[in-house]
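A.B. asks:
Numbering (our numbering), first residue to last: 6 to 250.
Structure (structure tokens):
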């Protein structure tokens, strides 16, 4: 079974706090209550608890990973979409977490899996409404950069920083140079999710670079749901790497 870093719990705690903070700030700026966010968190949490209790026969434990998945889903799905969208995404996310497994852990990032399936079913685009930048003293400041704290706690900076640096270089070469548009939310939380990405620093750097190149290619061809497709391809590639290693 894959050994999970002892820093993972700390990362989960920070992730929950910071993700909810971003959602609160974004909701306040919209002057609207994030109903879908609440629904996705509750759906993921309740389903995860029920599966662990009645199917896996495990003792109750705080559903931190489910809360994170629900928060990500509710923060990326369109803010005012039909609540059924986030319910479907949440159900797919938690089922994929418990069903599609390799060496004792999930293969695919649950939130990305749920969002890709649900958004495709409802023919809607991802919105990333909680990851937007804010105009502060005349500058566009991406508050999602705060998620670096959770990333640091999980010891996955090798992935996120190599990914962001490579993507920034590719953006610069292509003429898209605004650093405020770098996907910090994606890099610090989704790409470097503890159970679906490398732990060794050299593997992290290689993984981050390759993922940046893959995402850039998909974005260049305007492939729909580029972030989710790139991430899931990276997930399966890493799983295969572990299998044949």
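Heads up, the beta-carbon is just placed ideally off N, CA and C, and yes, glycines get one too.
Using the C-alpha atoms, what's the distance from residue 168 back to residue 178?
C.D. replies: What you label residue 178 is simply residue 173 of the chain shown in a count that begins at 1. What you label residue 168 is simply residue 163 of the chain shown in a count that begins at 1. Distance between the alpha carbons of residue 178 and residue 168 is about 15 Å.
A.B. asks: Among 61, 152, 132, 244, whose alpha-carbon lies nearest the alpha-carbon of residue 85?
C.D. replies: Indexing the chain shown from 1 puts residue 85 at position 80. Taking only the C-alpha atoms, the option nearest residue 85 is 132.
A.B. asks: Could you check which residue in 242, 113, 107, 92 has the C-alpha nearest to that of residue 76?
C.D. replies: Working through the chain shown from its first residue, we reach residue 76 at position 71. Ranking 242, 113, 107, 92 by Cα distance to residue 76 puts 92 first.
A.B. asks: How far does the alpha helix (DSSP H) with residue 153 in it reach, from first residue to last?
C.D. replies: Taking the first residue of the chain shown as position 1, residue 153 is located at position 148. Run containing residue 153: 153-158, per the alpha helix (DSSP H) assignment.
A.B. asks: First and last residue of the alpha helix (DSSP H) that includes residue 167?
C.D. replies: As a first step, residue 167 is located in the chain shown; it is residue number 162 there, counting from the start. Looking at the DSSP string, the run of the alpha helix (DSSP H) that includes residue 167 is 162-179.
A.B. asks: Grab me the residues of residue 138's own chain with a C-beta within less than 7 Å of its C-beta, minus the 5 sequence neighbours each way, in chain order.
C.D. replies: The residue labelled residue 138 in the question sits at position 133 within the chain shown. Here the set comprises 145, 146, 147, 185.
A.B. asks: Could you tell me which residues DSSP puts in a beta bridge with residue 33?
C.D. replies: Here residue 33 refers to the residue found at position 28 of the chain shown. None, per the DSSP bridge assignment.
A.B. asks: For residue 152 versus residue 23, is the C-beta spacing smaller than 7 Å?
C.D. replies: Working through the chain shown from its first residue, we reach residue 152 at position 147. Working through the chain shown from its first residue, we reach residue 23 at position 18. Yes, they are a contact pair.
A.B. asks: Run through DSSP, which three-state label would residue 144 get?
C.D. replies: Stepping through the chain shown from its first residue, residue 144 is reached at position 139. The answer is strand: DSSP assigns residue 144 an E or B state.
A.B. asks: Report the partner residues of residue 138 according to the DSSP bridge assignment.
C.D. replies: Counted from its first residue, the chain shown places residue 138 at position 133. DSSP, once it has assigned bridges, lists 147 as partnering residue 138.
A.B. asks: Closer than 7 Å by C-beta to residue 118: which residues in its own chain qualify, once you throw out the five before and the five after it? Chain order, please.
C.D. replies: The residue you call residue 118 lines up with position 113 of the chain shown. Cβ neighbours of residue 118 beyond the five flanking positions: 97, 98, 101, 237.
A.B. asks: Rounded to the nearest angstrom, what separates residue 216 and residue 73 at their Cα positions?
C.D. replies: The residue you call residue 216 lines up with position 211 of the chain shown. The residue you call residue 73 lines up with position 68 of the chain shown. Straight-line Cα distance between these residues: approximately 22 Å.
A.B. asks: Thinking just about the alpha-carbon of each residue, which of 80, 35, 107 is nearest to the one in residue 94?
C.D. replies: For this step, residue 94 is matched to residue 89 along the chain shown. For residue 94, the nearest C-alpha among the options comes from 80.
A.B. asks: Do residue 116 and residue 78 come within 7 Å of each other at the CB atom, strictly closer than that value?
C.D. replies: Stepping through the chain shown from its first residue, residue 78 is reached at position 73. Stepping through the chain shown from its first residue, residue 116 is reached at position 111. In this structure, residue 116 lies closer than 7 Å to residue 78 by Cβ.
A.B. asks: Please report the distance separating the alpha-carbon of residue 122 from that of residue 37.
C.D. replies: For the purposes of this step, residue 122 is identified with residue 117 of the chain shown, where counting begins at 1. For the purposes of this step, residue 37 is identified with residue 32 of the chain shown, where counting begins at 1. The alpha-carbon atoms of residue 122 and residue 37 are separated by roughly 26 Å.
A.B. asks: What whole-angstrom Cβ distance do residue 149 and residue 176 have, given they're in contact under 8 Å?
C.D. replies: Within the chain shown, the letter at position 144 stands for residue 149. Within the chain shown, the letter at position 171 stands for residue 176. That belief does not hold up - the Cβ atoms of residue 149 and residue 176 are roughly 16 Å apart, past 8 Å.
A.B. asks: Which same chain residues, not among the five before or five after residue 228, have their C-beta less than 7 Å away from its C-beta?
C.D. replies: Here the question's residue 228 lines up with position 223 in the chain shown. So the list reads 234, once near-sequence residues are dropped.
A.B. asks: Compare the C-beta of residue 15 against all C-beta atoms of chain D and say whether one is closer than 7 Å.
C.D. replies: Reference to chain D is not applicable here, since this structure consists of a single protein chain.
A.B. asks: In this structure, how does DSSP classify residue 193 when only helix, strand and coil are distinguished?
C.D. replies: For the purposes of this step, residue 193 is identified with residue 188 of the chain shown, where counting begins at 1. It is helical.
A.B. asks: Is it the case that the Cβ atoms of residue 14 and residue 113 are separated by a distance below 7 Å?
C.D. replies: Stepping through the chain shown from its first residue, residue 14 is reached at position 9. Stepping through the chain shown from its first residue, residue 113 is reached at position 108. No, they are not a contact pair.
A.B. asks: Given a cut-off of 7 Å, decide if residue 49 and residue 31 are closer than it, judged by their beta-carbon atoms.
C.D. replies: As a working mapping, residue 31 is identified with position 26 in the chain shown. As a working mapping, residue 49 is identified with position 44 in the chain shown. Not closer than 7 Å, so no.
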